[in-house]
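Okay, structure first, notes after.
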Amino acid sequence: MGAAHREILVATDFGEASVAAVSHASKLALESSAQLHLLHVLPHHEWSPGELADERRHVLERLGTAITADVELALKTVKEVVVGHPADEIVAYARRRGCDLVVVGTHGHNALRRLTLGSVAQQVLRESPCPVAVIRPHGGGGWEADGGPVFVETPISLESPALDLIDRGRRLAATDVHIDPVSATRYSVRLRIDGRLVEYCGLESSVAHHLINRLKTLAGLDITTSFRPQEGRLRLPVEIDDTEVRITTAPVAGGEAVSLRLLVRSRVFLPLEDLGLSTTHLNAIRDMAQTAEGLVAISGPTGAGKTTLAYSMLESLASVDRNMVSIEDPIEMAVPFMRQLAADEKHGLTLAAGLRAILRMDPDVVFVGEVRDAETANVAMQAANSGRYVLSTLHARSVASTVAGLVGMGLDRRTLAANLTGVVNVRLVRRLCTACRKPAAPSEHLLARCDQAGVPRPSEIFRPEGCQFCRGTGYRGRIGLYEVANVDTAMAAAIVEAMDERAFEAMLRSSGVPPLIDDAVRKIASGIVGEREATSVHWLA
Ligand SMILES: [Zn+2]
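Residues in the sequence shown are numbered from 443 upward in steps of one, following the working numbering.
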């Protein structure tokens, strides 16, 4: 744990989590020859003086047995029993004795909400004068402190809570931060990390109000009103201005809710090589980008990485002799190489109207994010037909359903067949944390799918475990799964023939376009993703 601690406080209620906390604190204390403070808080109760004395003696004995004899011998330990509210007393004790680390155990809930903290741990985290190590349940079901997940976190800074929170979000690779009132006196802060929403911490209302005011000020919003929704973009100091933060506030029951969307430039602008594309897919997508004509459709569900892929393709095309313009709803991130228009339905700038305006700006490359209606699809098609290179994102489950969707928007089949250059369908799944992934036997089902996909049968695959590098989740970062089709003559003919979606799918397979599941199988077999994660993907047949 790096830093040497001189006074370590561990609070115990003698529960399972506390046993793990005491053992972890003992180990840290031994390593750094620190003084170990063992604290137990008795509940408020009408104790008679005699009862209290008895209870204290009893608890002190139990505290004596909470640590092993050799720890007791080697360490300077202080045992203390106090009466009151656990979190209040833990914080007060740490303050009084000048402790430099507090260790507490907490019961998590289930695997999906592993970051959930108990209320005592939350309050200690928030109010502690020093760093707090929270010992949480181990992914495997045990309560391991040694080698198990340990997180040292400090309470949110009251001086600059907004920047502190954004910085934490960045470091945890969160894409969204949500601040919501949960009771008359408390707010909760949740983070979306690798696509999952997790509880991060609780805040007292006064702290939350201060935080929300700072966030609104940074975005130039009206801090005097919390009765109407507002949105904006935060202006951040240079140290973290590689992050773009969009804010949306809205009045909700019990107060004001705030959502932040965090975009870190270096994570949005990934070179095509870093998107987890197989060599075949990478070459196919490079071809689509370099051809620079016709229409390329990038499809998938919401939050599947469509825009990241589109920006990466667009960036690979950027040069001074290309005029690149986009119409987006909303603009995901301001980019240097492209003129970006934001659609604004409220003021009459629909996607289709914006797209028409763009076409009068002499563009070579047009990006539409995202095509949702027939009018926009038709204007995009006309643009492609008049020699512009058009990239667009849309909501669809596969390459075949993307084509069906475009036809369903009333596009002329012959024009579509003549201009559609390529279709990429994408999903994002979580990457296994390489620091803790554990070998596992591949299932018969998986082996059968490997045979179908032409992927050599793996002797072992990996499953998620959980460690301090991945906050106990077993996953770190995400990777794309892809189905990629460069439109060839057979596909063009099928579009003209009005082939139905199922037949189109079969035609794709026979012309050598593997389904998305094959890409999933390949990535499971090579240990990048877990079997359950990759095969439970939204809309995966
Ligand atoms: Zn890990």
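Ideal Cβ placement from N, Cα and C applies to all residues, glycine included.
As the structure is a prediction and not an experimental result, all values here were calculated from the model.
Return yes when the Cβ of residue 853 is within less than 8 Å of the Cβ of residue 823, no when it is not.
Yes, they are a contact pair.
Can you tell me the Cα-Cα spacing of residue 976 and residue 638, whole angstroms?
Looking at the two C-alpha atoms, the distance is approximately 15 Å.
Kindly list the residues whose CB is nearer than 7 Å to the CB of residue 845, restricted to its own chain and excluding five residues on each side of it in sequence; keep chain order.
865, 937, 946, listed in sequence order.
Taking residue 607 and residue 619 to be in contact with their CB atoms under 8 Å, please state how far apart those CB atoms are, rounded to whole angstroms.
So it is a contact: roughly 6 Å between Cβ atoms.
For the alpha helix (DSSP H) containing residue 603, name the first residue and the last one.
Run containing residue 603: 603-613, per the alpha helix (DSSP H) assignment.
Does DSSP put residue 522 in a helix, in a strand, or in coil?
Looking at residue 522 - three-state DSSP - the assignment turns out to be strand.
By Cβ distance below 7 Å, which residues in the same chain neighbour residue 647 in space, the five residues on each side in sequence not counted?
Excluding sequence neighbours, residue 647 sits near 627, 628, 629.
Put residue 420 into one of helix, strand or coil per three-state DSSP.
One cannot answer for residue 420 here, as it falls past the ends of the chain, which runs 443 to 983.
Name all residues in chain order for which at least one heavy atom of ligand 1 lies closer than 7 Å to the residue's CB.
Cβ atoms closer than 7 Å to ligand 1 belong to 875, 877, 878, 907, 908, 909, 911, 912, 916, 918.
Which two residues bound the contiguous beta strand (DSSP E) that contains residue 922?
Taken as a continuous stretch (DSSP letters only), the beta strand (DSSP E) holding residue 922 covers 917-928.
Give a yes or no on contact between the stretch 887-903 and the stretch 699-716, applying the rule of three or more CB pairs nearer than 8 Å.
Segments in contact, no.
Is residue 635 helix, strand or coil when you go by DSSP?
Three-state result, residue 635: strand.
Return yes when the Cβ of residue 779 is within less than 8 Å of the Cβ of residue 760, no when it is not.
Cβ distance < 8 Å, so residue 760 and residue 779 count as in contact.
With contact counted as at least three CB pairs below 8 Å, one residue from each stretch, are the stretch 511-523 and the stretch 475-491 in contact?
Cβ pair count under 8 Å is three or more, so yes.
Report back the beta-carbon spacing between residue 544 and residue 536 to the nearest angstrom; my notes put them in contact at under 8 Å.
Residue 544 to residue 536, Cβ: 5 Å. Contact.
For the beta strand (DSSP E) that contains residue 880, what are its first and last residues?
880-882 is the extent of the beta strand (DSSP E) around residue 880.
State the start and end residues of the unbroken alpha helix (DSSP H) segment that holds residue 466.
Where residue 466 is concerned, the enclosing alpha helix (DSSP H) stretches over 458-473.
Taking one C-beta from the stretch 814-832 and one from the stretch 906-925 each time, how about it: are there three or more such pairs within less than 8 Å?
With a cut-off of 8 Å, the stretch 906-925 and the stretch 814-832 do not count as touching, because too few Cβ pairs lie within range.
Using the three-state DSSP reduction, which class does residue 800 fall into: helix, strand or coil?
Residue 800 falls in the helix class under three-state DSSP.
Take the Cβ of residue 898 as the centre, count every other Cβ of all protein chains shown within 10 Å, and call the residue buried at 16 or more, exposed below.
Counting Cβ neighbours within 10 Å, residue 898 comes out exposed, since fewer than 16 surround it.
Quick one: what's residue 620 bridged to in DSSP?
Residue 620 is bridged to 632, 701.
Which partner residues does residue 477 have in the DSSP bridge list?
Answer is 449, bridged to residue 477.
Do the stretch 802-813 and the stretch 748-756 meet, that is, are 3 or more Cβ pairs less than 8 Å apart?
Yes: the two stretches touch, three or more of their Cβ pairs being nearer than 8 Å.
Can you give me the start and stop residues for the alpha helix (DSSP H) that residue 491 sits inside?
Its alpha helix (DSSP H) spans residues 491-508.
Could you check whether the stretch 857-875 touches the stretch 922-929, counting it as contact only if at least three pairs of C-beta atoms, one from each stretch, sit closer than 8 Å?
Yes, the stretch 857-875 is in contact with the stretch 922-929.
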